[in-house]
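Note sheet for the following structure.
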Amino acid sequence: MSYFPESEPCLCGSGARYAKCCLPLHQGQAAATPEALMRSRYVAFVLELADYLKATWHPSTRPATLSLDNSPDWASLNILDSHEDGNQGLVHFRALYRVGNGWGYLEEKSDFLKEDGRWYYLQGETSEGQLKPGRNDRCPCGSGKKYKACCL
Ligand SMILES: [Zn+2]
Ligand SMILES: [Zn+2]
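This is how it looks when you write it as C-alpha cells:
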C-alpha cells in the first residue's frame with residue numbers, strides 16, 4: 004500500500020484534489036455513482052489498496068485472493084462512457100500504463116450493481132493492447148500536455 008498526499012490532484016484524473024475526490028471513498032464513504040466507484044477503484048489499483056478493491060467487489064464475483072504484485076505501471080485513466088439505471092451501472096474506461104519505452108492500454112466495459120445504497124463492481128469485458136500516441140495527442144502519463152511536449 005502506497006501513501007499519496009491528500010492535497011495533490013487525484014490520480015483518477017478528475018482534476019480535484021485527492022482529499023475531495025477518491026480519498027473519502029477509500030475511507031469508507033459510499034460512492035455516489037458507478038463512475039465515482041470506478042475512479043476510486045482505479046486509484047486503489049495504483050496505490051495497491053487491496054482491501055478497498057475487495058470491499059467494493061461484489062461478493063458473487065470477488066476473487067478469493069487478490070495479488071497486485073504483477074500490476075502494470077498505471078499512468079492514467081480515461082472514462083469513455085458511464086451511466087446508471089436503477090441499481091445497475093455501466094462504466095466504459097481506458098486505463099493506460101507504461102511498458103518499457105512504450106505504452107499499453109486496458110479497456111473495459113464494467114458492470115456495477117447497487118445494493119443497500121452502495122455500488123459494487125460486478126464484472127467486466129476487457130481488451131488490451133499497445134498504444135501508439137500521436138505527437139499531438141494528450142500525453143498518456145495524464146499530465147494534460149501534448150505527447151511531444153511531455154514524455155515523447
Ligand atoms: Zn479521484
Ligand atoms: Zn507525459
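Going left to right, the sequence shown walks through residues 4 to 155 as my numbering numbers them. Beta carbons are placed, not taken as given, at the ideal position from N, Cα and C, and that holds for glycine.
Asked	Found
Please list the terminal residues of the continuous beta strand (DSSP E) segment that includes Ala-157.	Limits of the chain in this structure are 4 at one end and 155 at the other, which puts residue 157 out of reach.
Compute the beta-carbon to beta-carbon distance between Leu-134 and Trp-106, rounded to the nearest angstrom, for a pair I have assumed lies under 8 Å.	4 Å
Consider the C-beta atom of Lys-148 and the heavy atoms of ligand 2; say whether any pair is separated by less than 7 Å.	yes
Which residues mark the beginning and the end of the alpha helix (DSSP H) in which Lys-57 is found?	53-58
Any residue with its Cβ nearer than 5 Å to a heavy atom of ligand 4 should be included. What is that list in chain order?	Among the ligands present in this structure, namely ligand 1 and ligand 2, ligand 4 is not found.
Identify, in the order they occur along the chain, each residue of the same chain with its Cβ nearer than 6 Å to the Cβ of Leu-28, setting aside the five sequence neighbours on each side.	Ala-34, Ser-43
So Leu-109 and Thr-129 are in contact, right, with Cβ under 8 Å, and what is the actual spacing, rounded?	6 Å
Which complete beta strand (DSSP E) runs does the segment 80-154 hold, if anything under 3 residues is left out?	91-102, 105-118, 121-134
DSSP has Arg-65 in a bridge; who is on the other side?	Answer by DSSP bridge pairing: none, since Arg-65 is not bridged.
So does the segment 140-148 actually touch the segment 69-87, counting three or more Cβ pairs closer than 8 Å?	yes
Starting from Ala-22, trace the alpha helix (DSSP H) both ways and give me its first and last residue.	Here Ala-22 belongs to no alpha helix (DSSP H), and DSSP marks it neither H nor E.
Residues in its own chain within less than 8 Å of Gly-18 by CB, not counting five upstream and five downstream?	Pro-12
For Ser-113 versus Leu-83, is the C-beta distance shorter than 8 Å?	no
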